[in-house]
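First residue of the sequence shown? That's 1031 in the numbering used here, and the numbers climb one at a time after it.
Notes to accompany the following structure.
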Amino acid sequence: QVQLVESGGGLVQAGGSLRLSCAASRSIFRISDMGWYRQAPGKERELVAAVTSSGSTNYADSVKGRFTISRDNAKNTVYLQMNSLKPDDTAVYYCNQAVLGSTYWGKGTLVTVSS
């Protein structure tokens, strides 16, 4: 069974940085497409950034130039480096794994950006 565990969330001032990590439990990580989504209070969950199994990346327009997604297949881990954080980035951030026709979600980690 796939298990995703996010970490790295917390409280940060506007302009600061955080790095989120998502550890996957199985070796199928290598063939998985991975993504970070977020959901702010009262809003729908949205894609923040994604990286395919081959390393291609895409980002939401709102985070381009500020956030970087990366993966370490040896550690079964995907990262989200978040710089120049804004209060609008406040949300619960979820890790997503898509592999072999199935999708899995982590429980989320809260990021709060104070102004």
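Backbone N, C-alpha and C define an ideal beta-carbon position, used for all residues, glycine too.
In the DSSP assignment, T1142 falls within the unbroken beta strand (DSSP E) covering 1139-1144. Of the residues assessed, I1099 falls on the buried side of the cut-off, its CB having 16 or more other CB atoms within 10 angstroms. Scanning its chain for C-beta atoms nearer than 7 Å, with the 5 sequence neighbours on each side dropped, one finds around S1114 the residues G1045, R1096, in chain order. Sequence-distant Cβ neighbours of N1088 in its own chain, meaning closer than 6 Å and more than five residues away, are A1080. Comparing alpha carbon positions, the residue from S1086, S1057, C1125 closest to V1035 is C1125. Following the DSSP letters along the chain, one finds Q1043 inside the beta strand (DSSP E) bounded by residues 1040-1043. Checking the DSSP bridge columns, you'll see E1074 has no partner listed.
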